[in-house]
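K.L.:
Protein chains in written order, with the working numbering: chain V, 950 to 1284; chain U, 1159 to 1448. Virtual Cβ for every residue (Gly too), placed ideally from N, Cα, C. A single structure is presented below for examination.
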C-alpha cells in the first residue's frame, strides 16, 4: 500500500513538470485532432465527437474511481441528468446550446455532492451496490408521470442541431466537433490542474490509506463528497454535450448499460491516469462497433470478454500498457 | 380491504423470489465477502435453459431438477475459471469481472434465445386454491418453494458434514485448511449452490414477469435490498428481508407512488439501510481494527 502511494506520488510529481517530449506529443495529438474533421466523412466526425464526449465523462469518473477509489456503477445517472438539463433548457426555455453546459455542470455538481454525502459511509462494494441501484432506477425515474411535461416521458425530447456561427465554412457536424474539442481541452486542462498538485495527492492518499491521510490533516469527508460532486459535474457536462450532438434524449438511452460502459471505459483506459480517459473514450465509442463486426449477434458478449481479459492481462489499462511501451522505447534510444 | 390483502399476498409471492435470490447473494457473500452482481443474470440464463428443456419435451419437474444440476455445475465452473484467479485482487477488479459476467450472460441469452418475450409455464394449477380470492396457486407455490429451499439449506448447513465444512471454510479459511478441509473446493461448492438457488428464483418468477434477457435486473435490485435489510451476512435475515421488501414494494407501489416508480423503492431502501443501519436488521456489525 505504502509502496503504491509512493510510486503514485512520484509519477504525479513527474506529471507536474511536463517534459519537452510530453508537450510535443500533446501538440501533435491536438494538431491531428484539428485536421481530422476536414478529411473524414460526417459519420466518422460524429463518432469522434462522441468519443471526446465519453473522454470528458470518463475523466470525471476516473477522478472518483481511479484517483479517489470510490467505485461508481451509477454515473450513467449523472450523464442522464446533464443530458436532460441541456435538452429541457433548449426545448422549453430557448436557451442557446452552449449556455446549457454550465447549467448542466452546476446541477450535476449539486446532485453529485448530495449523493456523495451518504456515500461517505459506504465503502467499496457497498458504494458499488448503491450506485448500481441508482443506475437501474434511472430510466424509471425519467419516465415519471409528474415530470413528463418537462421530460417528454417515454418519447423524450428532440433537439435541433446547431449551425456553425459567424458564417464559418463548416457543416454542423464539423462545427460540433470543434466545439466539443474546445470543451474537451478546457475540461482536461482544468482536470489536470486539479489532479497534479495538492488535491490530487490528497485524493490518492485517501484512496490508499484513509487513516494515514486523516492524520496528515486531510479532511477526508469533505474531499470525498467534493470529488463526488466534481466527478458528477464532468459527467453531466459530457451528458449535455452528448444530448446536443445526438439531438435526442429519451429514458431508455440511459439504462444501466450506460453506467457499465462508463466504468468499463475507465478501467480499460487506465485507472488514475488522465490519458486513460482519452483511451477509454476511444474504446467506449469504437470497440462496440468492432465487436459488432466480429459478431453481429452478440457484440455485448465480446465486450464482456474483452473486459474480463483486460482485468487479467492489463490491470492498469491501455494507458498503463502505453506507458510501459514508451518507457522501454525511451530507455532503448537513450542507450 | 380486499385489495389490501391481495397486494400483501402477491407481495409475499414476489418476496419469495427476492428471498431466494437474496439467499444466493448471502451465500456468496458469507464465503468470499463479495456481492455477485451477475447473480440475477445467471438465474435468468438458467431459466432459459429450463425453458429450452421444456420445449424439448421434458416434463416440468424433470426440467426443473435438471436445470438445478446444470446451474450447480455452471456455478462451480465459473468460480474455478473466472473468480479463482482473482483471489487477493482489489474490490474494483472483482466488481469489474462480475459486471463482465453480467454483460456476457445477458448478451448470450439474447443471442441464443432471442430478445422476444416468452411465456414460461407454472407447475401449479391455474385455479386459486381452496376457492379463496386473495392468492393464486402459483403465488402460494412460490412461497412454499422458497420455504422448502430455506429449510433444505438450513438442514444441509446445520446437520451435514459437508455443510459444516463449507461454513468453516467461510468463517476461517486458514484454520479450516489446517484441519484438512479443501477450502478452494468449498468456495466452488458455495458458488454452485448459490447458482442453483438463483435458478429456483428465476424459474419461480418467470411465469409472473415473463421470460426475457432483462427480466432479472429489477429483481436483483430487490434482492439486494432484501439482503441488506435483513443483514447481508445472515441467511435467515436475508430471507425475511426478501419477503419484507416484496410486501413493502407491492403496497407502496399500489397505494402510494404508483407502479412506475417501484424500482425507486429499492433504491431508497438500499441507500437508506446502508446509511442508517449498514449491518441490516439482523446482521453483525463489522468492526475494523486499525
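So what does DSSP say about residue 1106/V, is it helix, strand or coil?
P.N.:
One-based indexing of the first chain puts residue 1106/V at position 157. In this structure, residue 1106/V counts as strand in the three-state DSSP scheme.
K.L.:
What are the residues in the segment 1081-1094 of chain V lying within 8 Å of chain U by C-beta distance?
P.N.:
1081, 1082, 1083, 1085, 1086, 1089, 1090, 1092, 1093 and 1094
K.L.:
Listed in chain order, which residues of the segment 1249-1265 of chain V have Cβ atoms closer than 7 Å to some Cβ of chain U?
P.N.:
1249, 1250, 1252, 1253, 1254, 1256, 1257, 1260, 1261 and 1264
K.L.:
What does the Cβ neighbour count give for residue 1176/U, buried or exposed, with the cut at 16 atoms within 10 Å?
P.N.:
Translated into positions along the second chain, residue 1176/U becomes position 18. Label assigned to residue 1176/U: buried.
K.L.:
State yes or no: is the C-beta of residue 1029/V within less than 8 Å of the C-beta of residue 1225/V?
P.N.:
The residue labelled residue 1029/V in the question sits at position 80 within the first chain. The residue labelled residue 1225/V in the question sits at position 276 within the first chain. In this structure, residue 1225/V does not lie closer than 8 Å to residue 1029/V by Cβ.
K.L.:
With C-beta atoms as the reference, is residue 1385/U less than 8 Å away from residue 1253/U?
P.N.:
Residue 1385/U sits at position 227 when you count from the first residue of the second chain. Residue 1253/U sits at position 95 when you count from the first residue of the second chain. No, they are not a contact pair.
K.L.:
Does residue 1379/U come out as helix, strand or coil in the three-state DSSP assignment?
P.N.:
Translated into the one-based positions of the second chain, residue 1379/U becomes position 221. Looking at residue 1379/U - three-state DSSP - the assignment turns out to be helix.
K.L.:
Rounding to the nearest angstrom, what Cα-Cα distance links residue 1063/V and residue 1173/V in this structure?
P.N.:
Counted from its first residue, the first chain places residue 1063/V at position 114. Counted from its first residue, the first chain places residue 1173/V at position 224. CA-to-CA, the gap between residue 1063/V and residue 1173/V works out to about 11 Å.
K.L.:
From what residue to what residue does the alpha helix (DSSP H) around residue 1319/U run?
P.N.:
Taking the second chain and counting its residues from 1, the one referred to as residue 1319/U is at position 161. That run of the alpha helix (DSSP H) goes 1319-1329.
K.L.:
Less than 8 Å between CB atoms is the rule here; does residue 1251/U satisfy it with respect to chain V?
P.N.:
The residue labelled residue 1251/U in the question sits at position 93 within the second chain. True, the Cβ-Cβ gap to chain V drops below 8 Å.
K.L.:
Which first and last residues belong to the alpha helix (DSSP H) in which residue 969/V is found?
P.N.:
As a position in the first chain, residue 969/V is number 20, starting the count at 1. Residue 969/V -> alpha helix (DSSP H) spans 969-988.
K.L.:
Between the segment 1160-1179 of chain U and chain V, which residues of the former have a C-beta closer than 8 Å to a C-beta of the latter?
P.N.:
none
K.L.:
Could you check what DSSP says for residue 1440/U in three-state terms: helix, strand or coil?
P.N.:
For this step, residue 1440/U is matched to residue 282 along the second chain. Note: residue 1440/U maps to coil in three-state DSSP.
K.L.:
Near residue 1237/V, what residues of its chain come up, given a Cβ to Cβ distance below 7 Å and the 5 sequence neighbours on each side ignored?
P.N.:
Within the first chain, the letter at position 288 stands for residue 1237/V. Contacts found: 1248 and 1252.
K.L.:
Taking the straight line between their C-alpha atoms, what separation do you get for residue 936/V and residue 1128/V?
P.N.:
The displayed coordinates of chain V run from 950 to 1284. Any statement about residue 936/V would go beyond what the structure contains.
K.L.:
Taking C-alpha atoms, which residue in 1181/U, 1240/U and 1196/U lies nearest to residue 1259/V?
P.N.:
Stepping through the first chain from its first residue, residue 1259/V is reached at position 310. Out of 1181/U, 1240/U and 1196/U, the CA that lies nearest to the CA of residue 1259/V is found in 1240/U.
K.L.:
Could you check the C-alpha separation between residue 1081/V and residue 1205/V for me, to the nearest Å?
P.N.:
Residue numbering aside, residue 1081/V sits at position 132 when the first chain is read from its first letter. Residue numbering aside, residue 1205/V sits at position 256 when the first chain is read from its first letter. Those two C-alpha atoms are separated by around 8 Å.
K.L.:
Excluding five sequence neighbours on each side, which residues of the same chain lie with their C-beta closer than 8 Å to the C-beta of residue 1255/U?
P.N.:
For the purposes of this step, residue 1255/U is identified with residue 97 of the second chain, where counting begins at 1. Answer for residue 1255/U: 1240, 1241 and 1244, listed in chain order.
K.L.:
Looking only at C-alpha atoms, which of 1068/V, 1122/V and 1200/V sits nearest to residue 1109/V?
P.N.:
As a first step, residue 1109/V is located in the first chain; it is residue number 160 there, counting from the start. When each option's Cα is compared against that of residue 1109/V, the closest is 1122/V.
K.L.:
Residues in the same chain with beta-carbon distance under 6 Å from residue 1335/U, minus the five sequence neighbours each way, listed in chain order, please.
P.N.:
Reading the second chain from its first residue, position 177 is the one you call residue 1335/U. Result list for residue 1335/U: 1341, in chain order.
K.L.:
Does the Cβ of residue 1281/V have 16 or more other Cβ atoms within 10 Å, making it buried, or fewer, making it exposed?
P.N.:
For this step, residue 1281/V is matched to residue 332 along the first chain. Counting Cβ neighbours within 10 Å, residue 1281/V comes out exposed, since fewer than 16 surround it.
K.L.:
Pair every Cβ in the segment 1368-1383 of chain U with every Cβ in the segment 1423-1441 of chain U, then say whether three or more of these pairs are closer than 8 Å.
P.N.:
yes
K.L.:
Say whether chain V places a C-beta atom closer than 8 Å to the C-beta of residue 1436/U.
P.N.:
Position 278 of the second chain, counted from the start, is the residue given in the question as residue 1436/U. Closer than 8 Å: yes.
K.L.:
Measure from the alpha carbon of residue 1083/V to the alpha carbon of each residue in 1261/U, 1160/U and 1419/U, then state which is nearest.
P.N.:
Position 134 of the first chain, counted from the first residue, corresponds to residue 1083/V. With distances taken between Cα atoms, residue 1083/V lies closest to 1419/U.
K.L.:
Roughly how many angstroms separate the alpha carbons of residue 1415/U and residue 1396/U, rounded to a whole number?
P.N.:
Taking the second chain and counting its residues from 1, one reaches residue 1415/U at position 257. Taking the second chain and counting its residues from 1, one reaches residue 1396/U at position 238. Taking the straight line from one Cα to the other gives about 25 Å.
K.L.:
Would you mind sorting residue 1333/U into buried or exposed? The rule is 16 or more other CB atoms within 10 Å of its CB.
P.N.:
If you number the second chain from 1, residue 1333/U lands on position 175. Classification for residue 1333/U: exposed.
K.L.:
Which of the three DSSP states, helix, strand or coil, is assigned to residue 1119/V?
P.N.:
Position 170 of the first chain, counted from the start, is the residue given in the question as residue 1119/V. Of the three classes helix, strand and coil, the one that applies to residue 1119/V here is coil, per DSSP.
K.L.:
Please name the residue in 1180/U, 1375/U and 1424/U whose C-alpha comes closest to that of residue 1408/U.
P.N.:
As a first step, residue 1408/U is located in the second chain; it is residue number 250 there, counting from the start. When only C-alpha atoms are compared, the closest one is 1424/U.
K.L.:
So with CB distances below 8 Å, who are the chain U contacts of residue 1067/V?
P.N.:
Taking the first residue of the first chain as position 1, residue 1067/V is located at position 118. Near residue 1067/V (Cβ distances below 8 Å), the residues of chain U are 1429, 1432 and 1433.
K.L.:
With a threshold of 7 Å on Cβ separation, who are the neighbours of residue 1001/V within its own chain once the five nearest residues in sequence on each side are excluded?
P.N.:
The residue labelled residue 1001/V in the question sits at position 52 within the first chain. So the list reads 1129, 1130, 1133 and 1230, once near-sequence residues are dropped.
K.L.:
Suppose you measure from the CA of residue 1331/U to the CA of residue 1344/U; what does that come to, to the nearest Å?
P.N.:
Position 173 of the second chain, counting from 1, holds the residue named residue 1331/U. Position 186 of the second chain, counting from 1, holds the residue named residue 1344/U. Approximately 10 Å, taken between the alpha carbons.
K.L.:
Please give the ranges of any alpha helix (DSSP H) in the segment 1213-1295 of chain U, keeping only runs that are unbroken, at least 4 residues long and fully inside the region.
P.N.:
1218-1236 and 1249-1271
K.L.:
Kindly indicate if chain U contains any beta-carbon less than 8 Å away from that of residue 1133/V.
P.N.:
Position 184 of the first chain holds residue 1133/V. No, residue 1133/V does not count as interfacial toward chain U.
K.L.:
Roughly how many angstroms separate the alpha carbons of residue 1394/U and residue 1311/U, rounded to a whole number?
P.N.:
One-based indexing of the second chain puts residue 1394/U at position 236. One-based indexing of the second chain puts residue 1311/U at position 153. Their Cα atoms are separated by approximately 10 Å.
K.L.:
Sort out for me which residues DSSP pairs residue 1197/V with in a bridge.
P.N.:
By one-based count along the first chain, residue 1197/V stands at place 248. 1107/V, per the DSSP bridge assignment.
K.L.:
What residues of chain U sit near residue 1014/V, judged by a beta carbon separation below 8 Å?
P.N.:
Mapped onto the first chain, residue 1014/V falls at position 65. 1250, listed in chain order.
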